[in-house]
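Colleague: In our numbering, the protein residues as written are 747 to 1089.
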Ligand SMILES: Nc1ncnc2c1ncn2[C@@H]1O[C@H](COP(=O)(O)OP(=O)(O)O)[C@@H](O)[C@H]1O
Ligand SMILES: [Mg+2]
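(1) Would you mind listing the beta strand (DSSP E) stretches within the segment 882-970 that are 3+ residues and don't spill past its ends, in chain order?
(2) Thinking just about the alpha-carbon of each residue, which of 936, 755, 896, 1050 is nearest to the one in residue 1096?
(3) When DSSP labels each residue in this structure, what does residue 753 get in the three-state scheme?
(4) Less than 8 Å between the CB atoms is what I'm expecting for residue 782 and residue 758, so what's the real figure, rounded?
(5) Go through the segment 807-860 residue by residue and report every complete run of the alpha helix (DSSP H) that reaches 4 residues or more, in order.
(6) Can you give me the start and stop residues for the beta strand (DSSP E) that residue 770 sits inside?
(7) Nearest by alpha-carbon distance to residue 931: which of 1042, 848, 751 is it?
(8) Keeping to the same chain, check which residues put their C-beta closer than 6 Å to that of residue 998; ignore five residues upstream and five downstream.
(9) Can you look up residue 761 in the DSSP assignment and give me helix, strand or coil?
(10) Between residue 942 and residue 824, how many whole angstroms is the CB-CB distance? I'm expecting something under 8 Å.
(11) Pull up the distance between the alpha-carbon of residue 939 and that of residue 1009, whole angstroms please.
(12) Residue 804 lies in the alpha helix (DSSP H); which residues open and close that run?
(13) Does residue 1038 pass the burial test, meaning 16 or more other C-beta atoms within 10 Å, or should it be called exposed?
(14) Closer than 7 Å: is that where the CB of residue 1031 sits relative to any heavy atom of ligand 1?
(15) Give every residue of the same chain whose Cβ lies closer than 8 Å to the Cβ of residue 1065, excluding the five residues on either side of it in the sequence, and list them in chain order.
(16) In angstroms, rounded to a whole number, what distance separates the CA positions of residue 806 and residue 970?
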């Protein structure tokens, strides 16, 4: 990564009108994140974006990330953007613990996490749209274009993914401004309120993806998926939708790590993180769910054709509409292997 940190710190010093010191924050997977302080007790967070991440197709363009970050702040969830700098932004410092997977799995946190998502989703729309299926096509095209290693057997699963996409499309809700990358480390506890940082993959999307992605990143079991669904939607009827997106999060983000491993080796070494092993781990989790005998039930459920005797699924409301879409034959074709990235 070119030295963008030094120039950004100089601009922050000029803006602050007094000397600053800085401390790198470890934990981010993509960028230079530093805490900036003054003797007077001011404290800010400087996020210096690595242009290679966006250039490799692993994040939205920097200017759009800054726009979306400001909108998330307007929603009362993101950190306030205090200063826009070339390739960097100075943010409000959120003073509180960053969550980890155990905290996100703690049932006592579920309501607060759901409330943070609801606040974000009720805020101003983002400047970008997002679909996990289009992202999959993009990442796969990148892997093909650069001859990158992808987990063995990955593309054999694309027909099943197409069936999942077709099922989710049957009752597609309106999109809302979503974060789309809710690893535990992107939640910060601010007093008793959960805040969300890092809008690198943000875009308007189906809110059920947001929940499925949280669930995938914190390794939720079925009961926790149901709990989060209930906390967000008020009932657990969309739990099957969330569960399918959990699978899609693991499946698609496998390739995010494959691309990062293949194209950003230098950054990977600096981050001291095994991107290749993470790709294999995510794919193994996706395969576990693709091979689960209950997958067909989930697909039927999101299509609105829930089987009445399945004890693992909630009962449908009496007024549940029953779309007459056929179960098979409507799936879109899998992405063409050499399609150019979408954006
Ligand atoms: N505004 C903020 N206030 C306080 N801490 C922050 C803030 N933004 C990020 N952090 C901390 O820095 C870590 C990495 O930041 P993040 O924006 O997620 O970077 P990356 O894109 O590299 O994942 C977060 O997990 C969190 O601990
Ligand atoms: Mg992050």
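Glycine is no exception: its CB is placed at the ideal position from the N, C-alpha and C atoms.
Modeller: Inspection of the coordinates gives the following:
(1) 922-924, 933-936, 939-942, 949-951
(2) Outside the displayed span of the chain (747 to 1089) sits residue 1096, for which this structure offers no information.
(3) What you label residue 753 is simply residue 7 of the chain shown in a count that begins at 1. In this structure, residue 753 counts as helix in the three-state DSSP scheme.
(4) Here residue 782 refers to the residue found at position 36 when the chain shown is read from its first residue. Here residue 758 refers to the residue found at position 12 when the chain shown is read from its first residue. About 6 Å separates the two Cβ atoms, so the contact holds.
(5) 808-820, 847-851
(6) On the chain shown, residue 770 is found 24 positions in, with the first residue counted as 1. Per DSSP, residue 770 belongs to the beta strand (DSSP E) from 767-770.
(7) The count along the chain shown starts at 1 and reaches residue 931 at position 185. Considering only alpha carbons, the answer is 848.
(8) Taking the first residue of the chain shown as position 1, residue 998 is located at position 252. Within the same chain, residue 998 has close Cβ partners 878, 881, 882.
(9) Locating residue 761 in the chain shown gives position 15, where the first residue counts as 1. Three-state result, residue 761: helix.
(10) By one-based count along the chain shown, residue 942 stands at place 196. By one-based count along the chain shown, residue 824 stands at place 78. Between residue 824 and residue 942 the Cβ distance is about 6 Å, and since that is below 8 Å, they are a contact.
(11) Indexing the chain shown from 1 puts residue 939 at position 193. Indexing the chain shown from 1 puts residue 1009 at position 263. Distance between the alpha carbons of residue 939 and residue 1009 is about 37 Å.
(12) Counting from 1 along the chain shown, the entry for residue 804 is found at position 58. Per DSSP, residue 804 lies in no alpha helix (DSSP H) segment and is marked neither H nor E.
(13) Translated into positions along the chain shown, residue 1038 becomes position 292. So residue 1038 ends up on the exposed side.
(14) Counting from one through the chain shown, the residue named residue 1031 turns up at place 285. No - ligand 1 has no heavy atom lying nearer than 7 Å to the Cβ of residue 1031.
(15) For the purposes of this step, residue 1065 is identified with residue 319 of the chain shown, where counting begins at 1. Its pLDDT being 40, under 50, residue 1065 is placed unreliably in this model, and the coordinates cannot settle the point.
(16) For this step, residue 806 is matched to residue 60 along the chain shown. For this step, residue 970 is matched to residue 224 along the chain shown. If I take the Cα positions, the gap works out to 30 Å.
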